[in-house]
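Notes follow once the structure below has been shown.
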Amino acid sequence: MVYYFTSNVVSPPATIFMGIDKHENEDLIKWGWPEDVWFHVDKMSSAHVYLRLQEGQTIDDIPPAVLDDCVQLVKANSIQGNKTNNIDVVYTVWSNLKKTAGMDVGQVGFHKDKEVRKIHVEKRINEIVNRLNKTKEDRQPDLRTEREDRDRIEREGQKQQMRHQKEKEKVEEKRKKELAELRSYSSLMKSENMSSNHDNGNDSDEFM
C-alpha cells in the first residue's frame with residue numbers, strides 16, 4: 510500500500526507519496542520515476558517520502574513551500590525524528606538511489622554523494638502535517654505497470670517529436686532548393702538580358 514498526499518500550496522498541486530512499510534519502499538525504489546525526488550530523515554529511521562516533479566521541473570525548481578511540506582511529512586513519519594527538534598533531512602533524485610545485493614529490504618544508498626542535498630528542520634509544524642494528512646489517500650498501485658506506461662508515453666512522444674523534426678527538415682530543404690532554383694533562374698535571365706542588349710547595339714561592321 511502507498512499513501513498519497515496532495516500539496517495544495519502550488520498550482521497545479523504537487524503529489525507526495527510514501528510506502529506503508531519497508532517492503533513497499535523496496536518497490537518504490539525499484540519502480541520509481543525519473544521525476545521523483547526521495548526524502549529521508551538523516552541518520553534516523555524514517556519513511557521514504559517521494560515528491561513527483563511536474564513536467565519540465567527539476568530538483569532545483571522545487572518551490573520552498575513544497576519543500577517544507579516534504580520535509581515536515583518525512584519528519585512526522587519518523588518515530589525518533591518526530592520527537593526531536595533540529596534534525597536534518599536528506600533528499601536526492603530517484604536516479605541517484607543505489608540498491609546493492611547486500612542491502613537489507615528497504616535500505617538504499619547513493620550513486621553520487623555529492624548529489625544528495627540536506628535541509629535543516631528546526632521543529633515539527635503541525636499546521637503543515639495536519640493539512641497534508643487531510644489529503645491522504647491509501648492506494649494499492651501497480652507500480653511496475655505505472656512505470657512501464659510512463660515510459661511508453663515518453664517513447665511515443667519522442668517518436669512524434671522526431672517525425673515533426675524530420676517533416677520540418679524536409680520543408681526547410683524544399684525551401685532552400687526552391688530558393689536556389691529561383692536564384693539560378695534569375696541569374697540566367699540576367700545573363701540573357703545582357704546578351705540581348707549587346708546584340709541590339711550599334712556596333713555592327715556591316716554597311717548598306
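The sequence shown begins at 510 in the numbering used here and counts up by one.
Just so it is clear, CB atoms sit at the ideal spot from N, CA and C, and this is done for glycine as well.
Please read all numbers here as calculations on a predicted model, not as lab measurements.
Cβ-based neighbour list, residue i, same chain, cut-off 6 Å, excluding 5 preceding and 5 following
i	result
residue 615	531, 534, 535
residue 544	561, 562
residue 572	519
residue 540	652, 653, 656
Neighbourhood of residue i by C-beta distance below 7 Å, restricted to the same chain and skipping five residues each side
i	result
residue 574	518, 519
residue 515	522, 524, 644
residue 555	549, 583, 586, 587, 590
Cβ-heavy atom distance, residue i to the ligand FAD, below 6 Å
i	result
residue 611	You won't find the ligand FAD in this model; it holds no ligand whatsoever.
For residue i, three-class secondary structure by DSSP
i	result
residue 541	coil
residue 661	helix
residue 651	coil
residue 546	strand
residue 666	helix
residue 628	strand
residue 698	helix
residue 574	helix
Contact belief for residue i with residue j at Cβ below 8 Å, rounded distance in angstroms
i	j	result
residue 583	residue 598	6 Å
residue 482	residue 646	Since the displayed the chain opens at 510 and closes at 717, residue 482 lies outside it and no answer follows.
residue 538	residue 510	Not confirmed; about 16 Å, so no contact.
residue 642	residue 620	So it is not a contact: roughly 33 Å between Cβ atoms.
residue 581	residue 634	6 Å
residue 662	residue 578	In fact, because the Cβ distance is near 27 Å, the residues do not count as touching under 8 Å.
Sequence-distant residues of the same chain with beta carbon closer than 8 Å to residue i, five excluded per side
i	result
residue 542	561, 603, 656, 659
residue 601	546, 547, 568, 619, 624, 625, 626
Exercise for review: Can you check the region 576-608 for any beta strand (DSSP E) of at least 3 residues that lies completely inside it and give the ranges in chain order?
Suggested key: 596-602
Review point. For the region 583-597 against the region 538-554, are there 3 or more C-beta pairs whose distance is under 8 Å?
Key: yes
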